[in-house]
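To start, the structure itself, in structure tokens.
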Amino acid sequence: MIFVTGGAGYIGSHTCVELLNAGYDVTVFDNFCNSNPEALKRVEQITQKKINLVEGDCRNRAAMVKVLKESGATAVIHFAGLKAVGESVEKPNAYYDNNVVGTLRLLEAMQECNVKTLVFSSSATVYGDPIKLPLTEDHPLAPTNPYGRSKWMIEEILRDLYHSDHAFKIAILRYFNPVGAHVSGLIGEDPQGIPNNLMPFVAQVAVGRRDSLSIWGSDYATPDGTGVRDYIHVVDLAIGHLKALEALRAINSEKMNSCLTINLGTGQGYSVLDVVRAYEKASNKRIPYQIAPRRLGDIAACYADPKRAFDMLGWQAKLGLDEMCANSWHWQSNNPSGYQQK
Ligand code: NAD
Ligand code: UD1
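The numbering of the sequence shown is the working numbering, which starts it at 42 and goes up by one.
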């Protein structure tokens, strides 16, 4: 049984599909602060398997102890957290409380229940403004906002925990830019309010929910002047979690390093204009855009060196930008208002 915190969210729901398809039982623990239980019904529809769902908050240690014990969980995948960079600048306490305190409570619950295998959602945001590209895992860490610092703090906590107790098996996964949706078109990204991120915004322009895209800067030192990122298909990302879990389970000696830090990216950077063109092709819609000033805190380019993931997990991304856009469009056009029926 795998205990999945935040399993109703964007990446969590796609990972539940892969876990169930691989034969794992899944308990989702989520407070639905940024998700809809409908996502899990859709996961059950895709997989034809049942999820054990418990509504709860990761800051409630006793609730997690109860569920860990009752479900017989042997490993945890920890997605639960807040993730909006701008909001984290406005409300830092909420981010440290939810992300850092929530993780501490989870770790206490795991220790109490003797569950010591953990896959954690970190982010490429921990690197800050890259000194050198592609980003390798040993690049210095210099996050530039409270959200990024909350991830960095949790990483440090996990490294200290492992140092104190080598029975722990921990995979810290640093995601690059997750996009796209399951090929069924039944689950996908469903941002609340105006999307912060590029692809969901483009998707909403394509479907007619928004008039046009603002491109934040066209004077970066990149091939076409717009920002370059390492977009990764959410299904590839989900499979990366499965591989990480399997790699941790295969570690059978406390002498082996079992605190792994791994980039999950494709290694390929695409510009904002590359994404716009690929989305136009996938949706057969025109995406009107205007060039706007740079967004505060943005960087020119960011992409992964994905070699360690291949060496340690036998994982590499398989799906390209065309599939990311096609699957995003399938989800968006079938569900123009996301999980809310309107
Ligand atoms: P999401 O918001 O869709 O999913 C997070 C889920 O956690 C939601 O279902 C939410 O309701 C739940 N949750 C939040 N706080 C909780 C709490 N205290 N107790 C219980 N449940 C709680 O986000 P996502 O895109 O699926 O991201 C999953 C994880 O990956 C997050 O930790 C995020 O920081 C990290 N991450 C995301 C991205 C990205 O671009 N999506 C990139 C890097 C890292
Ligand atoms: C954002 C987060 C980062 C997180 C990452 C992955 C910020 C400041 N950073 O980064 O912490 O790890 O997502 O989820 O939010 N763009 C536009 N117009 C838009 C939206 C985006 O031009 O309306 C551009 C951006 O300037 C950037 C690119 O598109 O060049 C990608 O932006 P976005 O999807 O927000 O991701 P990141 O900036 O990488």
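Ideal placement from N, C-alpha and C gives every residue a C-beta, glycine not left out.
What you are looking at is a predicted structure, and each value in this text was computed from that prediction instead of being measured.
Q. Do you know whose CA, among Arg349, Ile273, Lys124, lies nearest Lys359's CA?
A. When each option's Cα is compared against that of Lys359, the closest is Ile273.
Q) With distances taken between CB atoms, is the gap from Ala247 to Ile328 smaller than 8 Å? A) Against a cut-off of 8 Å, the Cβ pair of Ile328 and Ala247 comes out as a contact.
Q) Residues in its own chain within less than 7 Å of Leu239 by CB, not counting five upstream and five downstream? A) Contacts found: Val313, Val316.
Q: Tell me whether the beta-carbon of Ala279 lies closer than 8 Å to the beta-carbon of Val58.
A: When the beta-carbon positions are compared, Ala279 and Val58 come within less than 8 Å of each other.
Q: In the DSSP assignment, find the beta strand (DSSP E) that holds Cys300 and state where it starts and stops.
A: It spans 300-305 - the beta strand (DSSP E) in which Cys300 sits, taken as one unbroken run.
(Q) Closer than 8 Å is the cut-off here; do at least three beta carbon pairs connect the region 132-146 with the region 227-243? (A) Judged by Cβ distances under 8 Å, the region 132-146 makes no contact with the region 227-243, as fewer than three pairs qualify.
Q: State the beta-bridge partners of Asp71 as determined by DSSP.
A: Beta-bridge pairing links Asp71 to Glu96.
Q) How about Ala14: is its Cβ closer than 7 Å to a heavy atom in ligand 2? A) Limits of the chain in this structure are 42 at one end and 383 at the other, which puts residue 14 out of reach.
Q: Using only alpha-carbon positions, find the residue among Val117, Val130, Cys99, Leu182 that is nearest to Thr144.
A: The candidate whose alpha carbon is nearest that of Thr144 is Cys99.
Q: Tell me whether Ser374 sits in a helix, a strand or coil according to DSSP, three-state version.
A: Three-state DSSP puts Ser374 in a helix.
Q. What residues in its chain sit with their C-beta under 8 Å from that of Ile172, if we drop five residues either side in the sequence?
A. His180, Pro181, listed in sequence order.
(Q) Counting C-beta neighbours from all protein chains within 10 Å, is the total for Met105 16 or more, i.e. buried, or is it exposed? (A) Buried.
Q: Would you check whether ligand 2 has a heavy atom nearer than 7 Å to the C-beta of Asp339?
A: Checking every heavy atom of ligand 2 against the Cβ of Asp339, one is found closer than 7 Å.
Q | Close Cβ partners of Ser259 (< 6 Å) along its chain, the five nearest in sequence each way excluded | A | Gly266, Thr267, Ile332.
Q: Would you kindly check if the distance between the Cβ of Arg349 and the Cβ of Glu23 is under 8 Å?
A: Nothing in the structure corresponds to residue 23, since the chain is present only between 42 and 383.
**Q.** Close Cβ partners of His371 (< 6 Å) along its chain, the five nearest in sequence each way excluded
**A.** The beta carbon of His371 sits closer than 6 Å to the beta carbons of Gly226 from its chain, once the five residues preceding and following it are set aside; these are given in chain order.
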